[in-house]
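Enquirer: Below you will find the structure I want to go over with you.
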Amino acid sequence: MTTAQKTLACGHGWQVSDVICTAVAGDRPFEEEHRSFCVAAVTRGTFRYRTSQGTAMLAPGAILLGNPGACYECGHEHGAGDRCLSFHFSPAYLERVVAELPGAKRLGFADPRLPPLPALAPLLAEAEAARETGDDGAFEELGLRMAGAVAAAATDSSGPTRIPSRRDQKRVAEAVRLIELNAERPLSLTELADGTATSPFHFLRIFRHVAGMTPYQFLLRTRLHRAAVQLRTSNAAISTIAFGAGFNDLSTFNRRFRREMGEAPGAYRARRAGR
Numbered sequence: 100m101t102t103a104q105k106t107l108a109c110g111h112g113w114q115v116s117d118v119i120c121t122a123v124a125g126d127r128p129f130e131e132e133h134r135s136f137c138v139a140a141v142t143r144g145t146f147r148y149r150t151s152q153g154t155a156m157l158a159p160g161a162i163l164l165g166n167p168g169a170c171y172e173c174g175h176e177h178g179a180g181d182r183c184l185s186f187h188f189s190p191a192y193l194e195r196v197v198a199e200l201p202g203a204k205r206l207g208f209a210d211p212r213l214p215p216l217p218a219l220a221p222l223l224a225e226a227e228a229a230r231e232t233g234d235d236g237a238f239e240e241l242g243l244r245m246a247g248a249v250a251a252a253a254t255d256s257s258g259p260t261r262i263p264s265r266r267d268q269k270r271v272a273e274a275v276r277l278i279e280l281n282a283e284r285p286l287s288l289t290e291l292a293d294g295t296a297t298s299p300f301h302f303l304r305i306f307r308h309v310a311g312m313t314p315y316q317f318l319l320r321t322r323l324h325r326a327a328v329q330l331r332t333s334n335a336a337i338s339t340i341a342f343g344a345g346f347n348d349l350s351t352f353n354r355r356f357r358r359e360m361g362e363a364p365g366a367y368r369a370r371r372a373g374r
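The number in the working numbering is simply the position in the sequence shown, starting from 1, with 99 added.
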């Protein structure tokens, strides 16, 4: 088996697991079936996800969406391994959540994924921090918030996802790995494009199409996400965390963090201490 799954917490109608996949390019994907509604936040690596809703490449920050009874495959022809925080909800659980959302009438996901969205960034950072610190008691609330946020975002989705070519998926996966490994240092669009043997213009277009954002936005979000996790899991100075994440100016970090997470780094950390 190439997948290890550890249940972090569960309750009536919900469960959250830490799923680590070690598959590499050349491993043959095998078909599996979603037993319940699945909302899996990708926290590391890239992989191709194929189900009845369509096909998509998933990278850190994206959300895999699965419907009960739907068969699916995950392939790693463009990279090795991934890690996800996988939330599972029973139909009755998700139905209660959807009933409370204005305008959300459909029970079920029409698309295979949600791209990284600013509205979900603080929640994903909290969930990953809870995983890293072993704060299992936080997942009941986090699971309910995740179900509501994803159901609302999926309702606002504008039609099915267009399937990118496998060549484009491979190029973007290579760029994502480069960003993950070097997020703390300057990375230019030209360097990323050169790493995929494409022109900057073509690379920018395919990256935005596949990942749902530009390379620079993905780089900034990677840095901010790592900083948010550090703020919740360590007592290091905010300046140390900011510089370690790749920001050269503390005021710039504070401004971007507030814009992405909805509050200043100090207030974000204080909420953790208060809880």
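Virtual Cβ for every residue (Gly too), placed ideally from N, Cα, C.
Everything numeric in this text was worked out from a predicted model, so none of it was measured.
Determine whether the beta carbon atoms of residue 279 and residue 321 lie at a separation below 8 Å.
Expert: In the sequence shown, the residue the question calls residue 279 occupies position 180. In the sequence shown, the residue the question calls residue 321 occupies position 222. Yes, Cβ-Cβ distance for residue 279 and residue 321 is below 8 Å.
Enquirer: Can you grab the Cα-Cα spacing for the pair residue 357 / residue 158, in whole Å?
Expert: To locate residue 357, count along the sequence shown from 1; it is residue 258. To locate residue 158, count along the sequence shown from 1; it is residue 59. Distance between the alpha carbons of residue 357 and residue 158: 23 Å.
Enquirer: Between which residues of its own chain and residue 128 is the CB-CB distance below 7 Å, once the five residues before and five after are set aside?
Expert: Walking along the sequence shown from the start, residue 128 turns up at place 29. Result list for residue 128: 172, 173 and 174, in chain order.
Enquirer: Would you say residue 80 and residue 122 are within 8 Å of each other, going by their C-beta atoms?
Expert: Shown here, the chain extends from 100 to 374; a query on residue 80 therefore has no answer.
Enquirer: At 4 residues or longer, and completely inside the segment 238-289: list those alpha helix (DSSP H) runs for me, N to C.
Expert: You should have 238-254 and 265-281.
Enquirer: Is residue 306 helix, strand or coil by DSSP?
Expert: For the purposes of this step, residue 306 is taken as residue 207 along the sequence shown, with counting starting at 1. Residue 306 falls in the helix class under three-state DSSP.
Enquirer: Assign residue 348 to one of two classes, buried (16 or more other C-beta atoms within 10 Å of its C-beta) or exposed (fewer than that).
Expert: The residue labelled residue 348 in the question sits at position 249 within the sequence shown. Flag for residue 348 reads exposed.
Enquirer: Going by other Cβ atoms of all chains shown within 10 Å of its Cβ, with 16 needed for buried, is residue 194 buried or exposed?
Expert: Locating residue 194 in the sequence shown gives position 95, counting from the first residue. By the neighbour-count rule (16 or more Cβ atoms within 10 Å), residue 194 is not buried but exposed.
Enquirer: List the endpoints of the continuous beta strand (DSSP E) containing residue 106.
Expert: To locate residue 106, count along the sequence shown from 1; it is residue 7. Element bounds for residue 106: 102-110.
Enquirer: Would residue 169 and residue 200 qualify as a contact pair, given that the criterion is a beta-carbon distance under 8 Å?
Expert: By one-based count along the sequence shown, residue 169 stands at place 70. By one-based count along the sequence shown, residue 200 stands at place 101. Not in contact: residue 169 and residue 200 (Cβ atoms no closer than 8 Å).
Enquirer: Alpha carbons only, please: which of 368, 207, 351 and 112 is nearest the one belonging to residue 189?
Expert: Within the sequence shown, residue 189 is the residue found at index 90, counting from 1. Comparing Cα-Cα distances from residue 189 to each of 368, 207, 351 and 112, the minimum goes to 112.
Enquirer: State the Cα-Cα distance for the pair residue 365 and residue 266, rounded to the nearest angstrom.
Expert: Taking the sequence shown and counting its residues from 1, the one referred to as residue 365 is at position 266. Taking the sequence shown and counting its residues from 1, the one referred to as residue 266 is at position 167. Rounded to the nearest angstrom, the two C-alpha atoms are 43 Å apart.
Enquirer: Among 161, 117 and 152, whose alpha-carbon lies nearest the alpha-carbon of residue 275?
Expert: Along the sequence shown, one-based indexing puts residue 275 at 176. It is 161 whose Cα lies nearest to the Cα of residue 275.
Enquirer: Please name the residue or residues paired with residue 136 in a DSSP beta bridge.
Expert: Here residue 136 corresponds to residue number 37 of the sequence shown, with the count starting at 1. Paired residue(s): 188.
Enquirer: Among 105, 176, 208 and 156, which residue has its Cα nearest to the Cα of residue 308?
Expert: Working through the sequence shown from its first residue, we reach residue 308 at position 209. Of the listed residues, the one whose Cα sits closest to residue 308 is 156.
Enquirer: Would you check if the distance between the CB atom of residue 230 and the CB atom of residue 330 is smaller than 8 Å?
Expert: Here the question's residue 230 lines up with position 131 in the sequence shown. Here the question's residue 330 lines up with position 231 in the sequence shown. No, Cβ-Cβ distance for residue 230 and residue 330 is not below 8 Å.
Enquirer: Our contact map puts residue 163 next to residue 227 with C-beta atoms below 8 Å; I'd like the distance itself, whole angstroms only.
Expert: Sequence index remark: in the sequence shown, residue 163 carries index 64 (1-based). Sequence index remark: in the sequence shown, residue 227 carries index 128 (1-based). In fact, because the Cβ distance is near 15 Å, the residues do not count as touching under 8 Å.
Enquirer: According to DSSP, residue 156 sits in a beta bridge with which residue or residues?
Expert: To locate residue 156, count along the sequence shown from 1; it is residue 57. Bridge partners of residue 156: 147.
Enquirer: Find out if the Cβ-Cβ distance for the pair residue 291, residue 314 is shorter than 8 Å.
Expert: Along the sequence shown, one-based indexing puts residue 291 at 192. Along the sequence shown, one-based indexing puts residue 314 at 215. The answer is yes: Cβ separation under 8 Å.
Enquirer: Using 8 Å as the threshold, is the C-beta distance between residue 186 and residue 141 below it?
Expert: Taking the sequence shown and counting its residues from 1, the one referred to as residue 186 is at position 87. Taking the sequence shown and counting its residues from 1, the one referred to as residue 141 is at position 42. No, these two residues do not count as a Cβ contact at 8 Å.
Enquirer: Which term fits residue 339, buried or exposed, when burial requires 16 or more other beta carbons within 10 angstroms of its beta carbon?
Expert: For the purposes of this step, residue 339 is identified with residue 240 of the sequence shown, where counting begins at 1. By the neighbour-count rule (16 or more Cβ atoms within 10 Å), residue 339 is not buried but exposed.
Enquirer: Leaving out five residues on either side along the sequence, give the residues of the same chain with a beta carbon under 6 Å from the beta carbon of residue 337.
Expert: Residue mapping note: residue 337 aligns to position 238 of the sequence shown, counting from 1. Around residue 337: 364.
Enquirer: Can you name, in chain order, every residue of its own chain whose Cβ lies under 7 Å from the Cβ of residue 237, other than the five neighbours on each side?
Expert: Your numbering for residue 237 matches position 138 in the sequence shown. Cβ within range, chain order: 229.
Enquirer: For residue 116, list the residues DSSP reports as bridge partners.
Expert: Taking the sequence shown and counting its residues from 1, one reaches residue 116 at position 17. Beta-bridge pairing links residue 116 to 106 and 185.
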